[in-house]
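These protein sequences, in sequence, are chains A and B.
The first sequence lines up with residues 1 to 139 when you count with my numbering.
The second sequence lines up with residues 140 to 293 when you count with my numbering.
Where a beta carbon is used, it is the ideal one built from N, C-alpha and C, also for glycine.
Have a look at the structure below before the remarks.
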Amino acid sequence: MMRDLLVSLVSGTIFGAGLALGGMTDPARVRGFLDIFGNWDPTLAFVMGGAVIVMALAWAMQRRMLRPVFGEGFALPDRSDITLRLVGGSALFGIGWGIAGLCPGPGFAAIAIAPPSAAIFVAAMLAGMLLVRLREGKA
Amino acid sequence: MSLLGTSLPGFPEAAPLAGLAGGVLIGLAAALMLLGAGRIAGVSGIAARAFSIGSGSMPRPAAWAFVIGLPLGALAVMNLSGAATPDFAGPVPLVIAGLIVGIGTRLGSGCTSGHGVCGMSRLSQRSLVATATFMATGFATVAAMNALGLEVLG
């Protein structure tokens, strides 16, 4: 239990540091990356590339492990079906990401940078998540 | 931080080395979550778990610890770098964007971290489709807003 907490806290902290260092907590930089038909800022491609390369190595290690270092077993998604829900939800997410230049991780991380703005975004995001849950019952 | 300020020819505003370093940190954080705790570091899913909106096997205290870590890490970087506070959108666009992001990430089972980093690096078909989709609508949204002259960042 304590180890689970510590792993999560350290992971979240490094994650938040990476988001800020990479420019993900700067909406102008995010929207600059999404402005591919205009004044394009490719910085976020480097963020994504760096993260994906490190994680690809981690997945290669994971395949050789029976269980995680501090846990009982792996709890990983195993679905491979492409559904309308997946595509429609992702399409909506991209629209929201484009409007304010914030996605969930940077929304939380930005609470340390611009507390009122980040809190408004995070509260609305949680409300949106709750709407889906209420509409679908206790799924 | 001078090396991190290196620019990219043709893109005066880009910060490729700072981006790469930030990406490596994000990858290390996700690797720690995967190899240490056996879980996907997907922020939307972990946040839903922390606030009892989503189900899942992650203990809620651990979900909270991850969520609390995000601003702590960002705070450390902002203090060390001395960077200026960036501009954010006003309350109305923030509420609209937040609602859409919340609905979309629940329906789509993930966001930039879960699909874009953890799933893409695993070559998950669902994550490849999700990432291509949210990138495409993100591009289209910014292009449409620019065409309409909608400025959101103060």
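Applying a beta-carbon distance threshold of less than 9 Å, which residues of chain A neighbour residue i?
| i | result |
| --- | --- |
| S134 (chain B) | For residue 134 (chain B) there is no data in the structure shown, the boundaries of chain B being 140 and 293. |
| G288 (chain B) | The contacting residues do not exist; G288 (chain B) stays about 12 Å from chain A at best. |
| R265 (chain B) | P77, R79, S80, D81, I82, T83, L86 |
Does the distance from the C-beta atom of residue i to that of residue j stay below 8 Å?
| i | j | result |
| --- | --- | --- |
| G105 (chain A) | V122 (chain A) | no |
| A201 (chain B) | L5 (chain A) | yes |
| F150 (chain B) | D78 (chain A) | no |
| M217 (chain B) | A20 (chain A) | yes |
| G101 (chain A) | L246 (chain B) | no |
| L164 (chain B) | I14 (chain A) | yes |
| P198 (chain B) | D26 (chain A) | no |
| A34 (chain A) | G277 (chain B) | In the sequence as displayed, the identity of residue 34 (chain A) is Leu instead of Ala. It is a contact, given that the beta carbons lie within the stated cut-off. |
| G158 (chain B) | L9 (chain A) | no |
| V291 (chain B) | I99 (chain A) | yes |
| V268 (chain B) | V30 (chain A) | no |
| L209 (chain B) | G12 (chain A) | yes |
| G22 (chain A) | N285 (chain B) | no |
| V206 (chain B) | A51 (chain A) | no |
| F93 (chain A) | G243 (chain B) | yes |
| G177 (chain B) | G184 (chain B) | no |
| G143 (chain A) | A283 (chain B) | Missing from the structure shown is residue 143 (chain A); chain A here goes from 1 to 139 and no further. |
| L143 (chain B) | A154 (chain B) | yes |
| M129 (chain A) | G241 (chain B) | yes |
| A109 (chain A) | G16 (chain A) | yes |
| M1 (chain A) | L174 (chain B) | no |
| R67 (chain A) | G73 (chain A) | yes |
| G293 (chain B) | G253 (chain B) | no |
| L126 (chain A) | I179 (chain B) | no |
For residue i, return the contacting residues in chain A, with the cut-off set at a CB-CB distance below 7 Å.
| i | result |
| --- | --- |
| L173 (chain B) | A58, Q62 |
| R261 (chain B) | W59 |
| R178 (chain B) | A75 |
With DSSP as the reference, please indicate the residues paired to residue i in a beta bridge.
| i | result |
| --- | --- |
| A228 (chain B) | B:L292 |
| F15 (chain A) | According to DSSP, F15 (chain A) bridges with nothing at all. |
| F150 (chain B) | B:L147 |
Since residue i meets chain B, which of its residues come closer than 7 Å, beta carbon to beta carbon?
| i | result |
| --- | --- |
| G16 (chain A) | G208, L209, P210, L211, G212, A213 |
| L130 (chain A) | I192 |
| L102 (chain A) | A236 |
| G137 (chain A) | Per Cβ cutoff of 7 Å: no residues; G137 (chain A) is ~12 Å from chain B at best. |
What residues from chain A crowd round residue i, counting only those whose CB sits closer than 8 Å?
| i | result |
| --- | --- |
| L142 (chain B) | None at all; the shortest Cβ gap to chain A is about 13 Å. |
| G277 (chain B) | L34, G94, I95, W97, G98 |
| G221 (chain B) | Simply none; closest approach about 12 Å. |
Kindly list, in the order they appear in chain B, the residues whose Cβ is closer than 8 Å to that of residue i.
| i | result |
| --- | --- |
| L19 (chain A) | G161, I165, L209, G212, A213 |
| G23 (chain A) | A154, A157, G158, G161 |
| L44 (chain A) | G158 |
| L66 (chain A) | Those do not exist, as L66 (chain A) stays about 11 Å from chain B at its closest Cβ, beyond 8 Å. |
Using a Cβ cut-off of 9 Å, pull out every chain B residue sitting near residue i, in sequence order please.
| i | result |
| --- | --- |
| L181 (chain A) | Not covered by the structure: residue 181 (chain A). The range shown for chain A is 1 to 139. |
Residues of chain C with a CB under 9 Å from the CB of residue i: which are they?
| i | result |
| --- | --- |
| R199 (chain B) | Of the protein chains in the structure, A and B, none is chain C. |
Does the stretch 43-55 of chain A come into contact with the stretch 167-178 of chain B, if we say contact requires no fewer than three beta-carbon pairs (one atom in each stretch) closer than 8 Å? Enough Cβ pairs lie closer than 8 Å, so yes.
Should the stretch 259-267 of chain B be called in touch with the stretch 180-198 of chain B, which here means at least 3 C-beta pairs below 8 Å? Output reads no: the stretch 180-198 of chain B does not touch the stretch 259-267 of chain B.
TODO: Run through the stretch 50-118 of chain A for me and flag every whole alpha helix (DSSP H) of 4 or more residues, listed as ranges in chain order.
DONE: Restricted to the stretch 50-118 of chain A, the alpha helix (DSSP H) segments that are unbroken, complete and at least 4 residues in length are 84-100, 104-109, listed in chain order.
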